[in-house]
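One structure is given below, encoded as structure tokens.
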Amino acid sequence: MTTAINIPLEHVFFLALILFLIGAFGVLIRRNIIFMLLSLELMMNACGLAFVAAGARWAEPDGQIMFMFILALAAAEVAVALGLVVQLARRFETLDIDRAEELNG
Amino acid sequence: MSVWLFYIAAGVAITTAILAVTRKNASHALIYLVVTLLSIAVIFFLLGAPFAAALEIVIYAGAIVVLFLFVVMMLNLGRSSVARESQWLRPGMWVLPAILSGVLFVVFGFEVLQVENSAKIEGQVVPPKEVGKVLFHEYLLGVELAGVLLLAALVGAFHLGRRYLEERRET
Numbered sequence: 000m001t002t003a004i005n006i007p008l009e010h011v012f013f014l015a016l017i018l019f020l021i022g023a024f025g026v027l028i029r030r031n032i033i034f035m036l037l038s039l040e041l042m043m044n045a046c047g048l049a050f051v052a053a054g055a056r057w058a059e060p061d062g063q064i065m066f067m068f069i070l071a072l073a074a075a076e077v078a079v080a081l082g083l084v085v086q087l088a089r090r091f092e093t094l095d096i097d098r099a100e101e102l103n104g
Numbered sequence: 000m001s002v003w004l005f006y007i008a009a010g011v012a013i014t015t016a017i018l019a020v021t022r023k024n025a026s027h028a029l030i031y032l033v034v035t036l037l038s039i040a041v042i043f044f045l046l047g048a049p050f051a052a053a054l055e056i057v058i059y060a061g062a063i064v065v066l067f068l069f070v071v072m073m074l075n076l077g078r079s080s081v082a083r084e085s086q087w088l089r090p091g092m093w094v095l096p097a098i099l100s101g102v103l104f105v106v107f108g109f110e111v112l113q114v115e116n117s118a119k120i121e122g123q124v125v126p127p128k129e130v131g132k133v134l135f136h137e138y139l140l141g142v143e144l145a146g147v148l149l150l151a152a153l154v155g156a157f158h159l160g161r162r163y164l165e166e167r168r169e170t
């Protein structure tokens, strides 16, 4: 069974690259921690897209399996990070990560 | 036909991703992120990875983004947070990150073009059965490590949340 498409592999890689860079850009310009986490999700998705595309090129399941590992990683990261967001909002009463600078020395 | 579906979905994904990282209202940004994830799921379907597409919709758009929305609503971010956000996002602040991203795009794009020039994805479907077979044979150790990672995340999230609840009880 095939969906009979002929997409060049580089086009999918370029899409993954653009999405990754949009995510990196979001991490750099934002000060609100929720938006930074959102951009991180976008970056992880871009990585997953690259893996799935590479797996689809040779019709092997390995790409999808790496995507599932990335998914597990993203779920774990979000659970802990959102707990930290709640703590940050509780202690500093802001979501600005520049306020949490006690480790700066 | 499906080729055009791919390019349409790619365009939607890029547009909504840009909108998601530049919005001032957190809920709007999250809704745009959901649209990005759904277009990536469409691309997975087209590439012949239906299981990955289903996971993308169920876990990313269905669970992770909803978790974000819960936290955004729990923190009660209203109009004042939008005003503060526009104060934080000063014009001119985005110039250096944009230049850095552009440089990275050129470098990575050059590398991608070096890889293999005529590789085409034919969109042959890899069904969930194949994925499961390989996942629980060759990647069994990885599955167990992922389980340990999720347990660690569970313990960590419980720890952070419990301290929040205790402080609340004291005050």
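First to last, the sequence lines map onto chains Y and C. Heads up: the first sequence begins at 0 in numbering that gives the first Met the number 0, then just goes up one per residue. Heads up: the second sequence begins at 0 in numbering that gives the first Met the number 0, then just goes up one per residue. Note that beta-carbon positions come from the ideal geometry of N, C-alpha and C, so glycine has one too. As the structure is a computational prediction, the values presented were derived from the model and not from experiment.
Looking only at its own chain, which residues have a Cβ that is under 7 Å from the Cβ of residue i, when we skip the five neighbours before and after it?
i: residue 31(C); result: 15, 18, 19, 22
i: residue 76(C); result: 25
i: residue 39(C); result: 12, 55
i: residue 67(C); result: 29
i: residue 13(Y); result: none
i: residue 52(C); result: 40, 43, 44
For residue i, is the classification buried or exposed, using 16 other Cβ atoms within 10 angstroms of its Cβ as the cut-off for buried?
i: residue 90(C); result: exposed
i: residue 41(C); result: buried
i: residue 63(Y); result: buried
i: residue 126(C); result: exposed
i: residue 57(C); result: exposed
i: residue 101(C); result: exposed
i: residue 29(Y); result: buried
i: residue 38(Y); result: buried
Which value, in whole angstroms, describes the spacing of the CA atoms of residue i and residue j?
i: residue 129(C); j: residue 93(Y); result: 48 Å
i: residue 68(Y); j: residue 84(C); result: 34 Å
i: residue 60(C); j: residue 144(C); result: 24 Å
i: residue 80(C); j: residue 25(C); result: 9 Å
i: residue 47(C); j: residue 123(C); result: 5 Å
i: residue 13(C); j: residue 44(Y); result: 12 Å
i: residue 85(Y); j: residue 6(Y); result: 43 Å
i: residue 49(C); j: residue 100(Y); result: 44 Å
i: residue 87(C); j: residue 83(Y); result: 21 Å
i: residue 113(C); j: residue 74(C); result: 47 Å
i: residue 89(Y); j: residue 107(C); result: 40 Å
i: residue 35(C); j: residue 119(C); result: 24 Å
Once DSSP output is grouped into helix, strand and coil, what is the label at residue i?
i: residue 120(C); result: strand
i: residue 7(Y); result: strand
i: residue 24(C); result: coil
i: residue 75(C); result: coil
Might you give, ordered along the chain, the residues of its own chain that have their beta carbon closer than 6 Å to the beta carbon of residue i, omitting 5 neighbours on each side?
i: residue 91(Y); result: 98
* Asked: Taking one C-beta from the segment 73-89 of chain Y and one from the segment 61-72 of chain C each time, how about it: are there three or more such pairs within less than 8 Å?
  -> yes
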